[in-house]
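Protein chains in written order, with our numbering: chain A, 1 to 422; chain B, 1 to 422. All C-beta atoms, glycine included, are put in the ideal place defined by N, C-alpha and C. To start, the structure itself, in structure tokens.
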């Protein structure tokens, strides 16, 4: 069964350029895991007439219509009413959803007064499957009508992303006769075109399972997907492909079915009962932020210092004034002293440091934008890795944090630091 | 003249969820500046039949069709051919564009061999206006046919963004008689539905200027937009609306035409020549990261400590063991000692601290998920604000950082800390 889907985002804020349509990206990613073809994304404003017209078009060209946005409590949140109308459905007041909304205000929003319009969100199309919203007030839903499946998801990206997992995926998996499984192979330090070059023959020769690359910010994700009668069979089909990828890409693979470099680093530290600290200059806390994105981070991450100024590098981390003067803050010497200082001050087993030039301008010693030194201290070991993280500022900082985490991974796993400058 | 536009992105990579459609966001932003209404975004894959169908639909509902993507040298780059066909145009070989492509390979791509397919990019619709590509090889173009304006821009975001400025804006400004201006009013501490409740009458009564709310993560953005013969007239029309909003929302407005709370805090600190430090527990560096997102942050932000463990709170910031034992890390007392410690250790004029429970679980003293203490120390002043930041973890951390920045703003501007728990 080859189903096709159209994603219909409802939201004037997207048409005004206020936000990018990341919900469509998240939904597309989920559908590609399921092997459902997405032929169109459409964005339409909070205007019932234009939403109706867009739905009429989508009906003609897709089996599944997935809407995002317009489920909230305000007067321009019209998705449910409009879609119900388009498919000749009535809305009913879902007491269970209403109670969830009341409870959310009572328990989790600590005293925020619930205005009555919030209960509008509990009106849902008759006969629908309700998708609970684990991160917000507006429930989503799905129904079948006129031979089409209609799914409605909330607009706020965190709510949409959560409901894709808890609502959309289970619902759509039932439509497909087969189980679909996928594994995500995560790669850092090798660019997308190099990965593709190395794997082109393998990729083009595959039908089931499939292998597809996705460029992430400064990383590459390879997704292996198999359709089979059950999970075990799917896994067995994918195993040889994964092995082949491992052979080809080697140590640039930092994890399979992990979410991020920080998750991989956390896992390694936890397995070895090691603790970590970070000393950050140009990244301004991004490494610490990413390490503590992970629940339970306190087991492995003791803390970090953001030493943006030289005085903080000296005062907080004990980098010597002489080093700062002679070599500058952006230098191998400073990076190593920062890492040693962080290890000692925080009493951590391993510390990483980052110092470099995020831009937009080169520094007063003429160091170019994108130049970053990553220091590492562990026991009596120290090392420094010099990398180029490019521009603009935000990409430079992300890449620097990636390199810092990758440096810990490589050090602990005794993998040589082969620097492919990206 | 009220022109409407549709943005048609051509690219299978968007439908696969590989990238978000940020080109459409950039084009939309430019069109909203021009007062051209964008009623639809459409994304279609690199498939000539589906592109044709999408163009047929766009012709019926827009005066201006702007395509992004599909102008490159590979076999699936079919936008120009397909659009030319749809409007009965021939392509010609544009020698000037061809020479630019040859020159670019010779000069800027340092020895990369130019394969012949690169010259495909020099085929353009007869009679078009050519848009030079300042960042890449593929030229864009614009033509008028069947009463519609068709503009084609390249897909890579940096190329698209540059061509919006150098090609699209000048071309479309000629079409439009009116200027359009907008101002963004940024609000923290009051939820979207409360803002709407308070402003509903004002909003629904307006036609030009308009006033529209947008929920950001934990914030609300109100955009006022006016169309007029010139900028001054537009500003004059918006002024009374802005005043009315200020009267109604008051101190919850943290800035007009600023990008973020951190920008507002940076501006206040810079104006007063004050320096800042941060002591973060649950936010793990997010406040420092956000303060240093701003280029030139080093003028106001000295540094920060991420003290995730109690030992780091004591060792790095000098929080007393007694306080940590008696009141716990998540307490008013610890928050204040953290802020005082950060102020002293970093030698900053003002320091903010955050300690709380990000979840997923409550802490070992039974403090609930979402409870956060924000401490502040400045000169001899200390204060603590107790706030609830909700869940999930990522939202709790974002909200806690928002509250910390808002606390600095309110303290320095002598605005009472009215806590509306969101």
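Item: For residue 256 (chain A), the three-state DSSP class (helix, strand or coil); Value: strand
Item: Beta-carbon spacing of residue 159 (chain A), residue 184 (chain A) below 8 Å; Value: no
Item: Chain A within 8 Å of residue 214 (chain B), Cβ atoms only; Value: yes
Item: Where the segment 44 to 74 of chain B meets chain A: residues whose CB sits under 9 Å from a CB there; Value: 44, 45, 47, 50, 53, 54, 57, 61
Item: Cβ of residue 26 (chain A) within 8 Å of any chain B Cβ; Value: yes
Item: N-terminal and C-terminal residue of the beta strand (DSSP E) that residue 131 (chain A) is part of; Value: 129 to 131
Item: N-terminal and C-terminal residue of the alpha helix (DSSP H) that residue 324 (chain A) is part of; Value: 321 to 327
Item: Chain B contact for residue 286 (chain A) (CB, 8 Å cutoff); Value: yes
Item: Nonlocal neighbours in the same chain, by C-beta distance under 8 Å from residue 254 (chain B), ignoring five residues either side; Value: 186, 187, 188, 261, 264, 406, 409
Item: Secondary structure, beta strand (DSSP E): runs of 3+ residues fully inside the segment 207 to 250 of chain A; Value: 210 to 216, 219 to 228
Item: Contact between the segment 21 to 36 of chain A and the segment 75 to 84 of chain A (3+ Cβ pairs under 8 Å); Value: no
Item: Closer than 8 Å at the beta carbon, the chain A residues around residue 302 (chain B); Value: 308, 309, 311, 312
Item: Partner residues on chain A for residue 197 (chain B), Cβ-Cβ distance less than 9 Å; Value: 115, 117
Item: Cut-off 6 Å between Cβ atoms - residues of its own chain near residue 214 (chain A), not counting five sequence neighbours on either side; Value: 221
Item: First through last residue of the alpha helix (DSSP H) which encompasses residue 365 (chain A); Value: Taken as a continuous stretch (DSSP letters only), residue 365 (chain A) belongs to no alpha helix (DSSP H), as it is neither H nor E.
Item: Contacting residues, own chain, Cβ-Cβ under 7 Å from residue 373 (chain B) (five flanking each side not counted); Value: 330, 331, 332, 335, 355, 356, 384, 386
Item: Reduced DSSP category for residue 91 (chain B) - H, G, I as helix; E, B as strand; rest coil; Value: strand
Item: Reduced DSSP secondary structure (H/G/I, E/B, other) of residue 267 (chain A); Value: helix
Item: Minimum Cβ-Cβ distance from residue 224 (chain B) to chain A less than 8 Å; Value: no
Item: Cβ of residue 38 (chain B) within 8 Å of any chain A Cβ; Value: yes
Item: Buried or exposed (CB count within 10 angstroms, at least 16 for buried), residue 300 (chain B); Value: buried
Item: Within-8 Å CB hit, residue 41 (chain B) to chain A; Value: yes
Item: Buried versus exposed call for residue 403 (chain B) [16 or more other C-beta atoms within 10 Å across all chains shown]; Value: buried
Item: Chain B within 8 Å of residue 238 (chain A), Cβ atoms only; Value: no
Item: Contact the segment 49 to 57 of chain A vs the segment 89 to 105 of chain A: 3+ CB pairs below 8 Å; Value: no
Item: Alpha-carbon to alpha-carbon, residue 142 (chain B) and residue 148 (chain B); Value: 10 Å
Item: Alpha-carbon spacing of residue 153 (chain B) relative to residue 169 (chain B), whole angstroms; Value: 12 Å
Item: Contacts that residue 392 (chain B) makes with chain A (C-beta to C-beta distance below 9 Å); Value: 134, 135, 158, 162
Item: Through-space distance from residue 236 (chain A) to residue 200 (chain A), alpha-carbon basis; Value: 22 Å
Item: Beta strand (DSSP E) runs contained entirely in the segment 11 to 67 of chain A, provided each spans 3 or more residues; Value: 37 to 44
Item: Whole-angstrom distance between residue 41 (chain B) and residue 49 (chain A), CA atom to CA atom; Value: 16 Å
Item: Rounded distance between the beta-carbons of residue 238 (chain B) and residue 229 (chain B), thought under 8 Å; Value: That belief does not hold up - the Cβ atoms of residue 229 (chain B) and residue 238 (chain B) are roughly 14 Å apart, past 8 Å.
Item: Neighbour list for residue 22 (chain A) in chain B, Cβ cutoff strictly below 7 Å; Value: 20
Item: Listed by chain order, chain B residues near residue 414 (chain A) by CB distance under 9 Å; Value: Result: empty, since nearest Cβ-Cβ is about 27 Å, beyond 9 Å.
Item: Under the three-state DSSP convention, the category residue 386 (chain A) falls into; Value: strand
Item: Residue 292 (chain B) versus residue 17 (chain B) - alpha carbon distance; Value: 30 Å
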